[in-house]
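To keep things clear, I will list the structure first and then write my remarks on it.
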Amino acid sequence: MKYLVWMTGFFAASSVLAWGALYVPPPIPIKIEHIEARTPAISDELPKETTLLFGGDLMLSRGIGNIMQKRRDFVYPFYQVKKLMEGADLAIVNLEGPISSRGKNVGSIYSFRADPRAIEGLTFAGIDLVSLANNHSGDYGPDALSETLELLRTAGVRAVGAGINMTEAQAPVFFEINGLKIAFLGATPLAPTWLTRTTSTPAVAPLDEKAIIEQIVSARTQGADIVGILLHFGNEYATKHSLSQEQTTHRLIDAGATMVIGHHPHVVQEVEHYHGGVIAYSLGNFVFDQNFSEDTHHGLLLKVTLRGKNIDTIQEIPVYFSKDYQPFLEKIATTTSSIVI
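Heads up: the sequence shown begins at 35 in my numbering, then just goes up one per residue.
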């Protein structure tokens, strides 16, 4: 336009001179404004990073309980892993056996019950969620499990897979972190039948695929961006997962679960990527007095890093146990490639 304006002025002056006029009109003032195109601001900020740290079987009675009482130190098992666990946004483990002073042994010679002071270790380590869906939650009867739920609630540690009734036991537990809504479910096929009836009080969630899938759908409907399933299943001391484990976990991922984390075999099994989800068939022992073999003497922590609603990385962090059953980090973790949900 500026070029056209000046050309128009030139031709106007030329026309007047051509007719012999003595007066040349001044150029008409023209206001030219600089206008910048407005483009949407582009943010370089990446979605926030959220870390979930999963541990395997945690048992705070028997030999470990004796050591804690002897030392008068109920946080002793966690000194070497505290920093790692506290650094995660959520730390999740399977709690084997009640933490209680109540009840009587209704299980077997392999029944567990930890001193109520053992709850100090969970809070010291920064554990946020424990699964109680396992074969030892009922070892000392309903009173011990009920007290465990009370102690955990008072300590600010969430529980999944067990509750005051079956509705609570099967319901998802939600966390909201960094703008994400994360849901967890817990279940086991190994709990005693008196805990897995619809009328049980307290109750433990059985591994009922139909019910779990309904809860996955419910969690998604309630806005869950991530759904994790904690399963206590498989064969003890088997280092390879079974076909039935594979079929179950695949169906749960296909139904909308983001990850399935397993425990019970007391040894580490495979970590698998399936249809955008993650399956850890067994993380082995986390804190347990089973130093009788190399496989039981070794566990795995699984660190899942989310970036926004996507799984960014998976880290497999091996742990070993001292002679006093204190877990410590074995060596550098293995980081896998990114996965998009």
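Glycine included, every Cβ here is placed at the ideal spot set by N, Cα and C. Keep in mind that this is a model prediction, so the values were computed, not measured.
- Fully enclosed alpha helix (DSSP H) runs of no fewer than 4 residues occupy 96-105, 116-120 of the stretch 71-157, in order along the chain.
- Short of 7 Å from the beta carbon of K215, and not among the five residues preceding or following it, lie these beta carbons of its own chain, in chain order: F208, G257, A258, D259.
- Within the DSSP secondary-structure output, P240 pairs in a beta bridge with T222.
- Residue state for L363 is assigned as strand, using DSSP reduced to three classes.
- Excluding five sequence positions before and after I247, the CB atoms of its chain that fall closer than 6 Å to its own CB belong to A289, given in chain order.
- Annotation for Q279: the continuous alpha helix (DSSP H) segment containing it runs 277-288.
- In this model, G99 and M93 are separated by some 9 Å (Cα to Cα).
- The way I'd put it, the stretch 103-115 does touch the stretch 354-361; three or more beta-carbon pairs between them come closer than 8 Å.
- Membership of Q204 in the alpha helix (DSSP H) is indicated by the continuous run 200-204.
- By the criterion of at least three beta-carbon pairs nearer than 8 Å, the stretch 124-141 is in contact with the stretch 168-185.
- With contacts defined by Cβ atoms closer than 8 Å, L335 and F88 form a contacting pair.
- A direct Cα-Cα distance of roughly 21 Å separates G311 from L163.
- Assigned with DSSP and collapsed to three states, D259 falls in coil, not helix or strand.
- Boundaries of the beta strand (DSSP E) around A314: 311-314.
- Annotation for E304: no alpha helix (DSSP H) segment contains it, and DSSP assigns it neither H nor E.
- Closest option to G190, judged by alpha-carbon separation, among H307, D346, L124, P299: L124.
- With a contact defined as Cβ atoms closer than 8 Å, G342 and S316 miss out at about 29 Å.
- The Cβ-Cβ distance between P226 and P176 does not fall below 8 Å.
- The alpha-carbon of E306 is positioned some 14 Å away from that of K337.
- E154 places its beta carbon less than 8 Å from that of F108.
- Between Y271 and D329, the alpha-carbon positions lie close to 8 Å from each other.
- Cβ contact annotation for Q249 (same chain, cutoff 8 Å, sequence separation greater than five): Q204, A205, P206, L219, in chain order.
- The secondary-structure analysis by DSSP pairs Y354 across a beta bridge with H332, F362.
- Between S134 and P150, the gap from beta carbon to beta carbon is short of 8 Å.
- If you compare the alpha carbons of A291, P223, P240, L277 with that of Q303, the shortest gap goes to L277.
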